[in-house]
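A.B. asks: After the structure tokens below, expect a handful of questions from me.
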Amino acid sequence: MSKEPVAVVGVGQTKHVAARRDVSIAGLVREAARRALDDAELSWADIEAVVIGKAPDFFEGVMMPELYLADALGAVGKPMMRVHTAGSVGGSTALVAASLVAARVHGTVLTLAFEKQSESNAMWGLSLPIPFQQPLLAGAGGFFAPHVRAYMRRSGAPDTVGSLVAYKNRRNALKNPYAHLHEHDITLEKVQASPMLWDPIRYSETCPSSDGAVAMVLTDRAGAARAPRPVAWMHGGAMRSEPTLFAGKDSVSPRAGRDCAADVYRQAGIVDPRREIDAVEMYVPFSWYEPMWLENLGFAAEGEGWKLTESGVTELDGDLPVDMSGGVLSTNPIGASGMIRFAEAALQVRGLAGEHQVEGARRVLGHAYGGGSQFFSMWLVGAEPPAS
Amino acid sequence: MTREEAPGDRDIAVVAFAQTDHRRTSEELSEVEMLMPVLHEVMASTGLKTADIDFTCSGSSDYLAGRAFSFTLALDGVGAWPPISESHVEMDGAWALYEAWVKLRTGDADTALVYSYGKSSPGSVRDVLTRQLDPYYLAPLWPDSVALAALQAQALIDTGATDEPALAAIGARSRADAAANPHAQLRGSVPQGEYLVRPLRTGDCPPIGDGAAAVVLAAGERARELCDRPAWIRGIDHRVEAHGIGVRDLTDSPSTRIAAERAGVHERPVDTAELHAPFSSQEVILRKVLGLDESVCVNPSGGASAANPIMAAGLIRIGEAAARIHRGESDRALAHATSGPCLQQNLVAVLEGDPR
């Protein structure tokens, strides 16, 4: 089978902040799109279709905002699609756009994801009362904290691991000019002294609420040949879903995540991810999810993920850097967070990640998840074109 | 056909379609309960089990459900264990079908389940739809969907393209045709009624209702195994227009025109057209843009005039067109779906049966 190879030729994002009061939603998304086009040295006319994603419409209070955004994204007269797969949406959106190229439906596609959380209140957007259903316990942290405790009990991880991740990611964010949180005075002690919110999750181990957008230009082999800068090639991509709650669900290491990673590795010809993948942009909204996902994604055996974190393997200068950009812990425009992981992975293999560049990064995984650990989307990008 | 062939060369067909009986209210049912029977029906008609489906895609809107992440519960009804390859669009299910069609074209999947649903009964759908307008300049004025459609209808009447009696005849014809459609909400002789927003009377406007639909797609030989007469998707395309009502010519639909050309509508005549025209005046525009003459059987199901479950009505148009091909009542059919105020976004598909 010969799918068209897919290349990332442009990446753009906004400086993520708590509130972008200077721009409308349209202004925000156009800023990211314009930067992606500039990176690819393309114009709006070169874009054949637009695939846009964001998390629930209640976060901004606009129903199907892509209709209103058609003008701002140069989509008039073109196909435009709106993907929504909860927190994994940024990744899923990029994969839908990539499929358009792989299937040779379009040659060059703009894909974009955003969230402007300051327009509304994400906590209340997720807290609308539903009869006969368990409420999400005081925000996402309340939902995930028991699963973190289960991980700690199962793996025997010391309770210091979460703060190590937060300290590392916040320091990485200082090297990323687009990251939301720039805590110049961060210390490990400050993280450990921050208030306990949902035991065992401390305040400094949680993600912020951000306004922001990210965009990528995806293109085919011919488009890649014309690209002015190095491109990132897609070697594999997959989505997997499973129900949120059911007897037998492994909330610590959901099978949908394991299956999704296995599919991506199969497509990319990866046999030993720990050895063959150079770095990971992982969706870690609460710090303990780094060791948990290291196991779920096959970088460590069950119960061993925290040892990679503790030994410094996941540091920016470690053997398997994780969340070089600062990750979701430092920047969380929810609907965009998944695509930022995908875009950062692309920047790394293009060698364009700036101060947080991992030297010699040739194959990098971008990862996103959503819902109650039920939706997963991932892609693996490389500096070289795929083999087949 | 095998997976060895190049993407884009694959023939992809609608092999099964099911829909609920559309009703003004279904308050005793959750979305999942509303959806389950149609999922079972399309799976049973193909003999497929969840594990046989390579890709699943759905369409719905949180704003109708009144809560964030509403689609996540519907997934439970699909039987998503072991984990499935799955995606969702916050759009009409016709676009979920488009995403699934693309996935099948890549060769990564041979079968796909597509579903969508919408319950309009819990709230005031006219108010709810105002929330999809430009949030800074238009939505604060709360112009509702009927008022916007009335502007479009009046603009059309002003050009001389139609008049009120002609619009009334469209609604009457649709509901008369719907008498033969057991799923339709409004059937047979329905009074044209009073003005809702001039020049539109209740008979020019769609009923408000709840409903769901599901479709199974399959590629190549797999389609022939699953269906006696597959409805081959010969072309499918969609386009969007500017959002601002003031910058568009409301009597025209350039996005439908482009989509139709890209889908290959004009390569040969179609015998059937299922148009997603919630308002009678929109059928006038679509007929003109698509070049449909009197020889084409338009909306034999009754169309959106007879049942318009939001987020499913577009997918139902594709399903109805495909079902006519399955039954041998059509050889080449056009299906159309719309989204947004005054036909802002439009999808056109061409479906064909094998020669008889």
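Protein sequence lines correspond, in order, to chains A and B.
In terms of the UniProt record's numbering, the first sequence is residues 1 to 388.
In terms of the UniProt record's numbering, the second sequence is residues 1 to 356.
Note that CB positions come from ideal geometry on N, CA and C, so glycine has one too.
Following the continuous beta strand (DSSP E) through A/R363, name the residue where it begins and the one where it ends.
C.D. replies: Where A/R363 is concerned, the enclosing beta strand (DSSP E) stretches over 363-370.
A.B. asks: Strictly below 8 Å CB to CB, what residues from chain A border B/Q19?
C.D. replies: Those within 8 Å of B/Q19 in chain A number zero; the least Cβ separation is about 22 Å.
A.B. asks: Would A/V83 and B/S87 qualify as a contact pair, given that the criterion is a beta-carbon distance under 8 Å?
C.D. replies: Yes, the Cβ-Cβ distance between A/V83 and B/S87 is below 8 Å.
A.B. asks: Name the chain B residues that come within less than 7 Å of A/P56, Cβ to Cβ?
C.D. replies: Going along chain B in sequence order, the residues near A/P56 (Cβ under 7 Å) are D62, A68, F69.
A.B. asks: Are the C-beta of A/T244 and some C-beta of chain B separated by less than 8 Å?
C.D. replies: Yes, its Cβ sits closer than 8 Å to a Cβ of chain B.
A.B. asks: Helix, strand or coil for B/C57, going by three-state DSSP, please let me know.
C.D. replies: The answer is strand: DSSP assigns B/C57 an E or B state.
A.B. asks: Evaluate contact between the region 302-314 of chain A and the region 335-345 of chain A, counting only Cβ atoms and requiring at least three cross-stretch pairs below 8 Å.
C.D. replies: They do not touch, by the three-pair rule.
A.B. asks: So with CB distances below 7 Å, who are the chain A contacts of B/A11?
C.D. replies: Note that residue 11 of chain B is Asp in the sequence shown here, rather than Ala. Under the 7 Å cutoff, chain A gives no residues; its nearest Cβ is about 14 Å from B/D11.
A.B. asks: Going along chain B, which residues have a C-beta under 8 Å from A/D259?
C.D. replies: The contacting residues are P82, P83.
A.B. asks: Mind listing the chain B neighbours of A/A33? Cutoff is C-beta to C-beta under 9 Å, in chain order.
C.D. replies: Chain B residues near A/A33: none, gap ~15 Å exceeds 9 Å.
A.B. asks: Should A/L100 be flagged as near chain B, meaning a C-beta pair shorter than 8 Å?
C.D. replies: By this cut-off, A/L100 is an interface position.
A.B. asks: For B/F279, name the three-state secondary structure that DSSP assigns.
C.D. replies: Looking at B/F279 - three-state DSSP - the assignment turns out to be coil, as it is neither helix nor strand.
A.B. asks: Answer with yes or no whether the minimum CB distance from B/Y115 to chain A is below 8 Å.
C.D. replies: Chain A, which has no Cβ nearer than 8 Å to the Cβ of B/Y115, makes this no.
A.B. asks: Of the choices B/R317, B/E283, B/D21, whose alpha-carbon is the least far from that of B/D163?
C.D. replies: When each option's Cα is compared against that of B/D163, the closest is B/E283.
A.B. asks: How big is the Cα-Cα spacing for B/T106 and B/L196?
C.D. replies: C-alpha separation (whole angstroms): 47 Å.
A.B. asks: Please check if any C-beta of chain A sits within less than 8 Å of the C-beta of B/G246.
C.D. replies: Cβ-Cβ to chain A under 8 Å: no for B/G246.
A.B. asks: List the endpoints of the continuous beta strand (DSSP E) containing A/V9.
C.D. replies: Element bounds for A/V9: 7-13.
A.B. asks: For A/L110, go through chain B and note every residue whose CB falls closer than 9 Å to its CB, in chain order.
C.D. replies: By Cβ distance, chain B contributes nothing, its closest Cβ being about 13 Å from A/L110, past 9 Å.
A.B. asks: Tell me whether B/M43, by its Cβ, gets closer than 7 Å to a heavy atom of the ligand SAM.
C.D. replies: With respect to the ligand SAM, the structure shown offers nothing to examine, as it has no ligands at all.
A.B. asks: For B/I258, go through chain A and note every residue whose CB falls closer than 8 Å to its CB, in chain order.
C.D. replies: Result: G77.
A.B. asks: Identify the residues that DSSP records as bridge partners of A/F114: which are they?
C.D. replies: Note: A/F114 sits in a beta bridge opposite A/A213.
A.B. asks: With burial defined as no fewer than 16 other Cβ atoms inside 10 Å of the residue's Cβ, what is the status of B/R3: buried or exposed?
C.D. replies: Because B/R3 carries a pLDDT of 39, less than 50, the predicted location of this residue cannot be relied on, and the following value inherits that uncertainty. Classification for B/R3: exposed.
A.B. asks: Do you know offhand how far B/D134's Cα is from A/E60's?
C.D. replies: Taking the straight line from one Cα to the other gives about 12 Å.
A.B. asks: Check whether the Cβ atoms of B/I236 and B/Y117 lie closer than 8 Å to each other.
C.D. replies: In this structure, B/Y117 does not lie closer than 8 Å to B/I236 by Cβ.
A.B. asks: Does the CB of B/Q282 have a neighbour CB from chain A at under 8 Å?
C.D. replies: Chain A contact via Cβ: absent.
A.B. asks: May I ask which residues mark the beginning and end of the beta strand (DSSP E) holding A/M81?
C.D. replies: Note, A/M81: beta strand (DSSP E), 80-83.
A.B. asks: Which residues in the same chain as B/A184 place their Cβ atom closer than 6 Å to its Cβ, once the five residues preceding and following it in sequence are excluded?
C.D. replies: Answer for B/A184: A178, G302, A306, A307, listed in chain order.
A.B. asks: For residue 417 of chain B and B/L250, what's the separation of their Cα atoms in angstroms?
C.D. replies: This structure cannot speak to residue 417 of chain B, because chain B is shown only from 1 to 356.
A.B. asks: Can you tell me whether B/W101 is buried or exposed? The criterion is at least 16 other CB atoms within 10 Å of its CB, across all chains shown.
C.D. replies: Counting Cβ neighbours within 10 Å, B/W101 comes out buried, since at least 16 surround it.
A.B. asks: With a cut-off of 8 Å on the beta carbons, I'd call A/V280 and A/L245 a contact; round off their distance for me.
C.D. replies: Contact doesn't hold; Cβ gap of about 28 Å is too wide.
A.B. asks: Ordered along the chain, which non-local residues of its own chain (more than five positions away) have a Cβ less than 6 Å from that of A/E31?
C.D. replies: Excluding residues within five positions, the ones whose Cβ falls inside 6 Å are T14.
A.B. asks: Alpha carbon to alpha carbon, what distance is there between A/W379 and A/F342?
C.D. replies: Looking at the two C-alpha atoms, the distance is approximately 7 Å.
A.B. asks: Which same chain residues, not among the five before or five after B/G209, have their C-beta less than 7 Å away from its C-beta?
C.D. replies: Excluding sequence neighbours, B/G209 sits near H22, R23, R24, S120, Q185, A307, N308, P309.
A.B. asks: Where does B/S295 land, buried or exposed, given buried means 16+ other C-beta within 10 angstroms?
C.D. replies: Exposed: under 16 other Cβ atoms inside 10 Å.
A.B. asks: With a CB to CB cut of under 7 Å and the five nearest residues on each side skipped, what residues in its chain are close to B/H276?
C.D. replies: Excluding sequence neighbours, B/H276 sits near A304, A313, G314, R317, H336, A337, T338.
A.B. asks: Could you pull out every residue in the same chain whose Cβ sits closer than 6 Å to the Cβ of B/A223, ignoring the five residues on either side in sequence?
C.D. replies: If we look at B/A223 and ignore the five residues flanking it on each side, its Cβ neighbours are A13, V15, P230.
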